[in-house]
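*Asks:* Chains as they are written, first to last, in UniProt numbering: chain X, 1 to 284; chain D, 1 to 284; chain F, 1 to 284; chain W, 1 to 284.
I am attaching a structure below and will ask some questions about it afterwards.
Number of protein chains: 4
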Amino acid sequence: MKETATLLISCPDRKGILSEITGFIARNDGNIIHADQHIDFQKEIFFMRIEWSLDGFKIPKEKIATAFSFIADKFSMKWELKFNTDIPSVAIFVSKYDHCLYDLLYRFKANEMKGNLKLVISNHKDLENVVKMYGIDFYHFPKTKETKEKVEEEELKLLKENDIDLIVLARYMQILTPKFVKAYPNRIINIHHSFLPAFVGARPYHRAYERGVKIIGATSHYVTEDLDQGPIIEQDVVRVTHRDTIEGMIKKGRDLEKVVLAKAVRLHLENKILVYDNKTVIFE
Amino acid sequence: MKETATLLISCPDRKGILSEITGFIARNDGNIIHADQHIDFQKEIFFMRIEWSLDGFKIPKEKIATAFSFIADKFSMKWELKFNTDIPSVAIFVSKYDHCLYDLLYRFKANEMKGNLKLVISNHKDLENVVKMYGIDFYHFPKTKETKEKVEEEELKLLKENDIDLIVLARYMQILTPKFVKAYPNRIINIHHSFLPAFVGARPYHRAYERGVKIIGATSHYVTEDLDQGPIIEQDVVRVTHRDTIEGMIKKGRDLEKVVLAKAVRLHLENKILVYDNKTVIFE
Amino acid sequence: MKETATLLISCPDRKGILSEITGFIARNDGNIIHADQHIDFQKEIFFMRIEWSLDGFKIPKEKIATAFSFIADKFSMKWELKFNTDIPSVAIFVSKYDHCLYDLLYRFKANEMKGNLKLVISNHKDLENVVKMYGIDFYHFPKTKETKEKVEEEELKLLKENDIDLIVLARYMQILTPKFVKAYPNRIINIHHSFLPAFVGARPYHRAYERGVKIIGATSHYVTEDLDQGPIIEQDVVRVTHRDTIEGMIKKGRDLEKVVLAKAVRLHLENKILVYDNKTVIFE
Amino acid sequence: MKETATLLISCPDRKGILSEITGFIARNDGNIIHADQHIDFQKEIFFMRIEWSLDGFKIPKEKIATAFSFIADKFSMKWELKFNTDIPSVAIFVSKYDHCLYDLLYRFKANEMKGNLKLVISNHKDLENVVKMYGIDFYHFPKTKETKEKVEEEELKLLKENDIDLIVLARYMQILTPKFVKAYPNRIINIHHSFLPAFVGARPYHRAYERGVKIIGATSHYVTEDLDQGPIIEQDVVRVTHRDTIEGMIKKGRDLEKVVLAKAVRLHLENKILVYDNKTVIFE
Chain X
1 MKETATLLIS CPDRKGILSE ITGFIARNDG NIIHADQHID FQKEIFFMRI
51 EWSLDGFKIP KEKIATAFSF IADKFSMKWE LKFNTDIPSV AIFVSKYDHC
101 LYDLLYRFKA NEMKGNLKLV ISNHKDLENV VKMYGIDFYH FPKTKETKEK
151 VEEEELKLLK ENDIDLIVLA RYMQILTPKF VKAYPNRIIN IHHSFLPAFV
201 GARPYHRAYE RGVKIIGATS HYVTEDLDQG PIIEQDVVRV THRDTIEGMI
251 KKGRDLEKVV LAKAVRLHLE NKILVYDNKT VIFE
Chain D
1 MKETATLLIS CPDRKGILSE ITGFIARNDG NIIHADQHID FQKEIFFMRI
51 EWSLDGFKIP KEKIATAFSF IADKFSMKWE LKFNTDIPSV AIFVSKYDHC
101 LYDLLYRFKA NEMKGNLKLV ISNHKDLENV VKMYGIDFYH FPKTKETKEK
151 VEEEELKLLK ENDIDLIVLA RYMQILTPKF VKAYPNRIIN IHHSFLPAFV
201 GARPYHRAYE RGVKIIGATS HYVTEDLDQG PIIEQDVVRV THRDTIEGMI
251 KKGRDLEKVV LAKAVRLHLE NKILVYDNKT VIFE
Chain F
1 MKETATLLIS CPDRKGILSE ITGFIARNDG NIIHADQHID FQKEIFFMRI
51 EWSLDGFKIP KEKIATAFSF IADKFSMKWE LKFNTDIPSV AIFVSKYDHC
101 LYDLLYRFKA NEMKGNLKLV ISNHKDLENV VKMYGIDFYH FPKTKETKEK
151 VEEEELKLLK ENDIDLIVLA RYMQILTPKF VKAYPNRIIN IHHSFLPAFV
201 GARPYHRAYE RGVKIIGATS HYVTEDLDQG PIIEQDVVRV THRDTIEGMI
251 KKGRDLEKVV LAKAVRLHLE NKILVYDNKT VIFE
Chain W
1 MKETATLLIS CPDRKGILSE ITGFIARNDG NIIHADQHID FQKEIFFMRI
51 EWSLDGFKIP KEKIATAFSF IADKFSMKWE LKFNTDIPSV AIFVSKYDHC
101 LYDLLYRFKA NEMKGNLKLV ISNHKDLENV VKMYGIDFYH FPKTKETKEK
151 VEEEELKLLK ENDIDLIVLA RYMQILTPKF VKAYPNRIIN IHHSFLPAFV
201 GARPYHRAYE RGVKIIGATS HYVTEDLDQG PIIEQDVVRV THRDTIEGMI
251 KKGRDLEKVV LAKAVRLHLE NKILVYDNKT VIFE
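Printed below as a string of structure tokens:
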């Protein structure tokens, strides 16, 4: 694996931004590998993801941020600098439904994910064995309405100790408190088992069945304080017919959920997502 | 084209229904061409679509209904008997958006539809020429809030005079009154430009854009008194990204709308739809 | 789980078949749960899958076949009688690619499959541990060109001892001999990593990349003596762009392969596939 | 419509290309609207599509090419400069199948296409009326094996007189001679009614039916001297089942063909396609 740097940038659109960014890299002998740019003309915002090889780059890794900050300031950029050699640490939260967990455990093991799965947290003990089988630490944090806040504090402590960068809710059946959510802004990914904004909230397959829809979906999104209202990362759908019972829909939906959640996690870990205005720009 | 009869049946499920129906056809020397059956186990309802060749069938066409009614009564069936030689008459309602109209005009002309397009009604004059180019009668019925009820009466009169069996709302931008809807139960098909139940009501593409969805859809449904709440016939979707502006979404959506509306009309004209409980059973 | 019987039937089409079959079930007080019928008008063949509850059925389970054979003979039927309480035994063959294996191990464990996964055979030892982790027997049968025939005999012996009904090739990188294939006609399912008949044979992703296709696919099919020419059971596709490298295509393809193979296995185990003329009729 | 310039560039990849291109635009006060870049790492080729507003651009339109050629030469670029105000002229070739023709006529009329449809050429007279209804010139050029070369010369003359930039074969049932093809390199778009490379050549739906595939497709591609082997622009697919007869497949396929051909034409007219190595890079 070659070492690369990636900049994720958003700023008010004006002339010369792209030239300035690419000039910075060229002047310092960087070789651009990927460059993807987008302008929201309605809001006049410039977005960019640019990745370049650090092989022969004149500025040492630890000084790139400072060097770039002059350009960033000039254009009032919001920006992040990432190195592909910094592997993010990941925690999965799960309850009893296990299909997304199994799927993610395999994908991390098979190196499909550019992240380091460090631990799994659950409010139940049911999935302890499979997690341990994969050599991953498992933590049991049961929750009640009364204990939720206190337990979340312990969870946050554990996450901090393990330098967790990304939290994945793999069908975690507990609603997180605003305090918890605020601690990981745009760093908690949830899978919702419907095609949002259809069927926000509980029992979406049952409601899809009642409504008689011909297609069901799944949606992965960043968690915000508003339930199921966070920025959508990925969605996918599958056809159903009158022959599909609720159980049949749930079965079909499981395969969707796995793929849609895995894709969101992969995009996040590859630094391909920019969030603004409760929406996402995905640089695939 | 061989002459066939089709029965669409629904009734409480119990033993022996299928045997009785197929026995009726076999005893009278009918050759079954298609038979499709479905049971809703939750509600214990039996559904069937069965089509047989009338070539050599012992009961004359006009007496089949009477002959079958004995079986129908025994099982408390709701049923319809259709002959493929009875071509239904169709009216299209349209306003200014013309993509679905053009699409349907072509499909009727090309004999993709087992129906007879008799007339087009519009609250604007814009599309008169194209309709006439295809040799179809065009009627202009402008409407205001005040005149709506009165105009609808004239429309109903015209529809009746023309023995219209099916009304297709091809992006018709007027909401029909309950009285009008009641005159054509499960015989008015609308295209809604979203993946229902997401974005019920006006300006769905704008709201999809605001929400940042990654997939947009279109839904064809029978019109009931509740706006966009009728039985869904067909849905389809297409991917969008952050690069799609609202205009881009509208453009992509137009292709969806055409296909989804055309499919619903085709299914209806081929007697492949059974409605119950505000849902559809589609016998494809 | 209620006990049911399923008949899979094909025969020359003529009048009265459906009536005779359903009459047989009705006379003996069977309650039909699913009935699906199809006629190939080009070849004049009748196909049917019919499933009924044995609750209250007058003929004892073990005598149904004899009782039905009178009807079967009358219409020159090819037919199979299956009971949902007879759970088929399954063997998986695998080499080193592990994604389909992991996927199937999970699905059998999670009871998504109406089969009993008894054993896994591999020409390598790499996947022994994961198979055993799931509590499934693992057998290592290395093969060379010289030993293939002899090893296959040992495999056949093992399969016979375990009463294996279905063999699943989960990216098994050995071509089976005609003798082996003949021992399990329409009972060996393979996954091919292309949209057949495009890219028959080796390295399909590489050839898809070279050709510059915009969509790649996967195909599950029964194995016959002609490589990749057997009856197709299921296919699915995914979009690719110029940005997808060969490695990227392989990654995307893996998710396809898992879903397409799993669906074929599920359909087979639920007795929903009829084979004729090197094609399949799928009664979903 | 704002005036913009678009550069389509390919060249051997090396450091500094992107910076040089964007610097050229920035120095001259151009505002970049879209920039999309791609590197084929296997072949070490750099691709770019960049579009900028000419509003306030310091170099006059007619001198941009000369000014840019210094950069182009430095990096050994193949490049094209396009202005969105230069509307390309389009000719459609058609035989008797009319669905793609109707579809394109509507799309040009509805301004979905950034091109000027000037004329339609056919080897039959059947579609003369509809073409004229849309106010487009129609030319009848019947062909036999013997007259083909001579007729093609007349066609080429007509195309030249009308400054045709793009030829669209909308189910044109004549194979063009290599001489004709060479006159419009990467400027003739064909629709093939299969998912290439499956079913190259004649009667693909019949062969798909025979093979028992579960998905059929359509492919739009640039025409080269090798039949159905040219660079693929767009593909799409639709599911079929055992219930689909050949006629049913053809019907389903028609909707695919329309969409897939229209998309290719749109991409070409918006200067979003780069061809290299018998493949396409699509900058959507």
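Virtual Cβ for every residue (Gly too), placed ideally from N, Cα, C.
Whose Cβ in chain W lies nearer than 9 Å to the Cβ of Lys96 (chain D)?
*Replies:* Along the second sequence, one-based indexing puts residue 96 (chain D) at 96. Result: empty, since nearest Cβ-Cβ is about 12 Å, beyond 9 Å.
*Asks:* Could you tell me which residues DSSP pairs with Met48 (chain W) in its beta bridges?
*Replies:* Working through the fourth sequence from its first residue, we reach residue 48 (chain W) at position 48. Beta-bridge pairing links Met48 (chain W) to W:Ile9, W:Gln37.
*Asks:* Between Ser19 (chain F) and chain D, is the shortest Cβ-Cβ distance under 7 Å, so that the two count as touching?
*Replies:* Taking the first residue of the third sequence as position 1, residue 19 (chain F) is located at position 19. Yes, Ser19 (chain F) lies at the interface with chain D (some Cβ there is under 7 Å from its Cβ).
*Asks:* Can you give me the start and stop residues for the alpha helix (DSSP H) that Ile175 (chain W) sits inside?
*Replies:* Your numbering for residue 175 (chain W) matches position 175 in the fourth sequence. Run containing Ile175 (chain W): none; DSSP gives neither H nor E here.
*Asks:* So the beta strand (DSSP E) Ser76 (chain F) belongs to, where does it begin and stop?
*Replies:* On the third sequence, residue 76 (chain F) is found 76 positions in, with the first residue counted as 1. That residue, Ser76 (chain F), is in no beta strand (DSSP E); it is neither H nor E in DSSP.
*Asks:* Taking one C-beta from the region 12 to 22 of chain D and one from the region 17 to 29 of chain F each time, how about it: are there three or more such pairs within less than 8 Å?
*Replies:* The region 12 to 22 of chain D is in contact with the region 17 to 29 of chain F.
*Asks:* What does Pro231 (chain W) touch in chain F if you count any residue whose Cβ is under 7 Å from its own?
*Replies:* Your numbering for residue 231 (chain W) matches position 231 in the fourth sequence. Going along chain F in sequence order, the residues near Pro231 (chain W) (Cβ under 7 Å) are Gly212.
*Asks:* What first and last residue would you give for the alpha helix (DSSP H) that runs through Gly248 (chain X)?
*Replies:* As a working note, residue 248 (chain X) is residue 248 in the first sequence. Segment 246 to 269, the alpha helix (DSSP H) holding Gly248 (chain X).
*Asks:* What residues in the region 92 to 116 of chain X have a beta carbon less than 8 Å from any beta carbon of chain W?
*Replies:* Those would be none; no residue qualifies.
*Asks:* Can you tell me which residues form a DSSP beta bridge with Tyr276 (chain X)?
*Replies:* Locating residue 276 (chain X) in the first sequence gives position 276, counting from the first residue. X:Lys279.
*Asks:* For Tyr139 (chain X), which residues does DSSP report across the bridge?
*Replies:* The count along the first sequence starts at 1 and reaches residue 139 (chain X) at position 139. Per DSSP, X:Ile121.
*Asks:* Specify the secondary structure class of Phe93 (chain D) as computed by DSSP and reduced to three states.
*Replies:* Your numbering for residue 93 (chain D) matches position 93 in the second sequence. If DSSP states are grouped into helix, strand and coil, Phe93 (chain D) belongs with the strands.
*Asks:* Are there three or more Cβ pairs, one per stretch, closer than 8 Å when the region 260 to 274 of chain D is compared with the region 165 to 173 of chain D?
*Replies:* With the cut-off at 8 Å, the region 260 to 274 of chain D and the region 165 to 173 of chain D touch.
*Asks:* Would you please verify whether the beta carbon of Gln37 (chain F) is less than 7 Å from any beta carbon of chain W?
*Replies:* The residue labelled residue 37 (chain F) in the question sits at position 37 within the third sequence. No, because no Cβ of chain W sits closer than 7 Å to the Cβ of Gln37 (chain F).
*Asks:* I'd like the list of long-range same chain contacts for Ser76 (chain D), defined as Cβ closer than 7 Å, with 5 residues on each side in sequence excluded.
*Replies:* Along the second sequence, read from residue 1 onward, the residue named residue 76 (chain D) stands at position 76. Correct list, in chain order: Cys11, Pro12.
*Asks:* Going by alpha carbons, who is nearest to Ile216 (chain W) out of W:Lys252, W:Lys148, W:Asn129, W:Asn186?
*Replies:* Within the fourth sequence, numbered from 1, the residue matching residue 216 (chain W) stands at position 216. Measuring from the Cα of Ile216 (chain W), the nearest candidate turns out to be W:Lys252.
*Asks:* Please state if the CB of Ala198 (chain D) and the CB of Pro197 (chain X) are separated by a distance shorter than 7 Å.
*Replies:* Counting from 1 along the first sequence, the entry for residue 197 (chain X) is found at position 197. Counting from 1 along the second sequence, the entry for residue 198 (chain D) is found at position 198. Yes, these two residues count as a Cβ contact at 7 Å.
*Asks:* If we cut at 7 Å on Cβ distances, does Ala198 (chain F) have a partner in chain W?
*Replies:* Looking up residue 198 (chain F) in the third sequence gives position 198. Output row for Ala198 (chain F): interface = yes.
*Asks:* Is the beta carbon of Met113 (chain F) closer than 7 Å to that of Leu269 (chain F)?
*Replies:* Indexing the third sequence from 1 puts residue 269 (chain F) at position 269. Indexing the third sequence from 1 puts residue 113 (chain F) at position 113. Going by C-beta atoms, Leu269 (chain F) is nearer than 7 Å to Met113 (chain F).
*Asks:* What residue ranges within the region 202 to 252 of chain F form continuous alpha helix (DSSP H) runs of no fewer than 4 residues, ordered along the chain?
*Replies:* Counting only runs of 4 or more, we get 204 to 211.
*Asks:* So which residues on chain W does Ile215 (chain F) lean against when the C-beta distance must stay under 8 Å?
*Replies:* Reading the third sequence from its first residue, position 215 is the one you call residue 215 (chain F). The contacting residues are Phe195, Gly217, Gln235, Asp236, Val237.
*Asks:* What three-state label does DSSP hand Leu54 (chain F) in the structure shown?
*Replies:* If you number the third sequence from 1, residue 54 (chain F) lands on position 54. Residue state, collapsed to three classes: coil.
*Asks:* With distances taken between CB atoms, is the gap from Asp29 (chain W) to Lys58 (chain W) smaller than 7 Å?
*Replies:* Along the fourth sequence, one-based indexing puts residue 29 (chain W) at 29. Along the fourth sequence, one-based indexing puts residue 58 (chain W) at 58. Yes, the Cβ-Cβ distance between Asp29 (chain W) and Lys58 (chain W) is below 7 Å.
*Asks:* Give me the Cα-Cα distance between Glu44 (chain X) and Thr224 (chain X), rounded to the nearest whole angstrom.
*Replies:* For this step, residue 44 (chain X) is matched to residue 44 along the first sequence. For this step, residue 224 (chain X) is matched to residue 224 along the first sequence. Between Glu44 (chain X) and Thr224 (chain X), the C-alpha separation is close to 25 Å.
*Asks:* Nearest CA to the CA of Ile246 (chain X): which residue from X:Ile33, X:Asp277, X:Tyr209?
*Replies:* Within the first sequence, the letter at position 246 stands for residue 246 (chain X). For Ile246 (chain X), the nearest C-alpha among the options comes from X:Tyr209.
*Asks:* Strictly under 7 Å for the Cβ-Cβ distance: is Met48 (chain D) near chain B by that measure?
*Replies:* Structure shown: chain B not included; protein chains present are X, D, F and W.
*Asks:* Between Val98 (chain D) and Leu127 (chain D), what straight-line distance do the alpha-carbon atoms span, to the nearest angstrom?
*Replies:* Here residue 98 (chain D) refers to the residue found at position 98 of the second sequence. Here residue 127 (chain D) refers to the residue found at position 127 of the second sequence. Note that residue 98 (chain D) is Asp in the sequence shown here, rather than Val. Roughly 7 Å between the two C-alpha positions.
*Asks:* Following the continuous alpha helix (DSSP H) through Asn129 (chain D), name the residue where it begins and the one where it ends.
*Replies:* Indexing the second sequence from 1 puts residue 129 (chain D) at position 129. Here the alpha helix (DSSP H) through Asn129 (chain D) covers 128 to 133.
*Asks:* List the residues of chain W whose Cβ lies closer than 7 Å to the Cβ of Asp255 (chain D), in chain order.
*Replies:* On the second sequence, residue 255 (chain D) is found 255 positions in, with the first residue counted as 1. Neighbours of Asp255 (chain D) on chain W, chain order: Val259.
*Asks:* Between the beta-carbon of Leu7 (chain W) and the beta-carbon of Leu105 (chain W), is there less than 7 Å?
*Replies:* Position 7 of the fourth sequence, counted from the start, is the residue given in the question as residue 7 (chain W). Position 105 of the fourth sequence, counted from the start, is the residue given in the question as residue 105 (chain W). No, these two residues do not count as a Cβ contact at 7 Å.
*Asks:* Taking 7 Å as the limit between beta carbons, can you name the residues of its chain near Lys143 (chain D), skipping five residues before and five after?
*Replies:* For the purposes of this step, residue 143 (chain D) is taken as residue 143 along the second sequence, with counting starting at 1. Cβ within range, chain order: Asn123, Val151, Gln174.
*Asks:* Does any residue of chain W bring its CB to less than 7 Å from the CB of His242 (chain F)?
*Replies:* Residue 242 (chain F) sits at position 242 when you count from the first residue of the third sequence. His242 (chain F) counts as touching chain W.
*Asks:* How about Val168 (chain F): is its C-beta nearer than 7 Å to some C-beta of chain W?
*Replies:* Counting from 1 along the third sequence, the entry for residue 168 (chain F) is found at position 168. Not one chain W Cβ lies under 7 Å of Val168 (chain F).
*Asks:* Using a Cβ-Cβ cut-off of less than 9 Å, give me the residues of the region 155 to 182 of chain W that come near chain X, in sequence order.
*Replies:* Listed by position, the residues of the region 155 to 182 of chain W near chain X (Cβ gap below 9 Å) amount to none.
*Asks:* Which chain D residues are close to Lys251 (chain W), counting only those with a beta carbon under 8 Å from its beta carbon?
*Replies:* Counting from 1 along the fourth sequence, the entry for residue 251 (chain W) is found at position 251. Residues of chain D passing the Cβ test: Glu112.
*Asks:* For Val281 (chain F), which option in W:Ile250, W:Leu256, W:Val213 has the closest C-alpha, if you only look at C-alpha atoms?
*Replies:* Within the third sequence, numbered from 1, the residue matching residue 281 (chain F) stands at position 281. Of the candidates W:Ile250, W:Leu256, W:Val213, the one whose C-alpha sits nearest the C-alpha of Val281 (chain F) is W:Val213.
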